[in-house]
Amino acid sequence: MRIKIALDAARGIEYLHNYAVPPIIHRDIKSSNILLDSNWVARVSDFGLSLMGPELGKDHQHPPMKAAGTVGYIDPEYYSLNVLTDKSDVYGLGVVLLELLTGKRAIFRNGGDVEEGCVPVHLVEYSVSAITMGELGRVLDPRVGSPELGEGDAVELVAYTAMHCVNAEGRNRPTMTDIVGNLERALELCGDSHGSISSGICSIVSEIERD
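Per the UniProt record's numbering, the sequence shown starts with residue 1, numbered consecutively.
So this is what it looks like as structure tokens:
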């Protein structure tokens, strides 16, 4: 179900980038802007920061402008260079994928000595190093049990997709079409599994949004 929600959101963003006329860059992709209906279908919401127009070039790039978005989800390349492309939405979705995998917020406080205070940690830094080193299990949501065989392959595919989505350079990130394809494949790998990854969705969605 987590993967299904991610796929629904990805398809929505793909539509904005590739099929909307004119194309739309959302600029504020984050978990709280992905809403679930009564059938657990995910829909992208809140277009208050979105930009559109025929002025989008062949690379879907807007002229330089002051960066806007939400801390933890905003594309670092967009933030530093003030150049917006459709790959900025890809970065935000990558963070959402990491949230679904880990059960943590985009910016969270790492546990430690209460008297010393907790240190804010960016989910990208926390997750990508573990994925790169082949230690995905170290950062997966502990509230979810061990994935079944097909689910394990699916989770790895989602994790590696998320890792590429949050690449520091936009040109090295996948397109939304690539992401949709990977998530469709991940969902196929899960098949009709009734294991923990497939069924443990309600708590993660509600807690991420509530926090």
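From the three backbone atoms N, C-alpha and C, an ideal C-beta is built for every residue, glycine too. Since we're looking at a predicted model, the values are computed, not measured.
Original post:
Ends of the beta strand (DSSP E) at R43?
Top reply: As a first step, residue 43 must be located in the sequence shown, where it is residue number 43. 42-44 is the span of the beta strand (DSSP E), which, as asked, contains R43.
Original post:
With DSSP run on the structure shown, which of helix, strand or coil describes G57?
Top reply: Taking the first residue of the sequence shown as position 1, residue 57 is located at position 57. Residue placement at G57 cannot be trusted, given a pLDDT of 48 that sits under 50; the coordinates are not used to answer.
Subject >> Spatial neighbours of E55 in its chain, beta-carbon cut-off 7 angstroms, leaving aside the 5 residues before and after >> reply: For the purposes of this step, residue 55 is taken as the residue at position 55 of the sequence shown. Note that E55 scores a pLDDT of 47, beneath 50, so its modelled location is shaky; the value from the coordinates is reported in the next line. Closer than 7 angstroms at Cβ, skipping near neighbours: no residue.
Subject >> Segments of 4+ residues assigned as alpha helix (DSSP H) that fall wholly inside the region 100-141 >> reply: 123-132
Subject >> Rounded straight-line distance, which links the Cα of E14 to that of N82 >> reply: Along the sequence shown, one-based indexing puts residue 82 at 82. Along the sequence shown, one-based indexing puts residue 14 at 14. N82 and E14 have their C-alpha atoms roughly 23 angstroms apart.
Subject >> Own chain residues within Cβ distance below 6 angstroms of S162, not counting five before or after >> reply: Counting from 1 along the sequence shown, the entry for residue 162 is found at position 162. A small fix is needed here, since residue 162 is Ala in this sequence, not Ser. Closer than 6 angstroms at Cβ, skipping near neighbours: G94, L97, L98.
Original post:
Less than 8 angstroms separating the beta-carbons of L51 and I25?
Top reply: Indexing the sequence shown from 1 puts residue 51 at position 51. Indexing the sequence shown from 1 puts residue 25 at position 25. Contact flag set, yes.
Original post:
How about the region 67-80 and the region 34-41: do they share at least three Cβ pairs that are nearer than 8 angstroms?
Top reply: no
Original post:
At which residues does the alpha helix (DSSP H) containing L7 begin and terminate?
Top reply: For the purposes of this step, residue 7 is taken as residue 7 along the sequence shown, with counting starting at 1. Unbroken alpha helix (DSSP H) run through L7: 2-18.
Subject >> Euclidean distance between Cα positions of M133 and V139 >> reply: Counted from its first residue, the sequence shown places residue 133 at position 133. Counted from its first residue, the sequence shown places residue 139 at position 139. The alpha-carbon atoms of M133 and V139 are separated by roughly 12 angstroms.
Original post:
What do you get for D37, buried or exposed, if any count of 16 or more other CB atoms within 10 angstroms of its CB means buried?
Top reply: Translated into positions along the sequence shown, residue 37 becomes position 37. Per the 10 Å Cβ criterion, exposed.
Original post:
Which whole-angstrom value is the C-beta distance of I131 and A106, which I expect to be below 8 angstroms?
Top reply: In the sequence shown, counting from the first residue as 1, residue 131 sits at position 131. In the sequence shown, counting from the first residue as 1, residue 106 sits at position 106. I131 to A106, Cβ: 16 angstroms. No contact.
**OP:** May I have the straight-line CA-CA distance separating V183 from C165, to the nearest angstrom?
**Re:** Along the sequence shown, one-based indexing puts residue 183 at 183. Along the sequence shown, one-based indexing puts residue 165 at 165. Here residue 183 turns out to be Leu, not Val, going by the sequence shown. Taking the straight line joining both Cα atoms gives about 13 angstroms.
Original post:
Taking Cβ to Cβ, would you say I3 is nearer than 8 angstroms to C190?
Top reply: Taking the first residue of the sequence shown as position 1, residue 3 is located at position 3. Taking the first residue of the sequence shown as position 1, residue 190 is located at position 190. Cβ atoms of I3 and C190: closer than 8 angstroms.
Subject >> Proximity below 8 angstroms, CB of T102 to CB of D141 >> reply: Along the sequence shown, one-based indexing puts residue 102 at 102. Along the sequence shown, one-based indexing puts residue 141 at 141. Cβ distance < 8 angstroms, so T102 and D141 count as in contact.
Subject >> Spatially closest choice to E135 from P22, G152, R143, V119, by CA coordinates >> reply: Numbered from its first residue, the sequence shown carries residue 135 at position 135. Among P22, G152, R143, V119, the Cα nearest to that of E135 is on G152.
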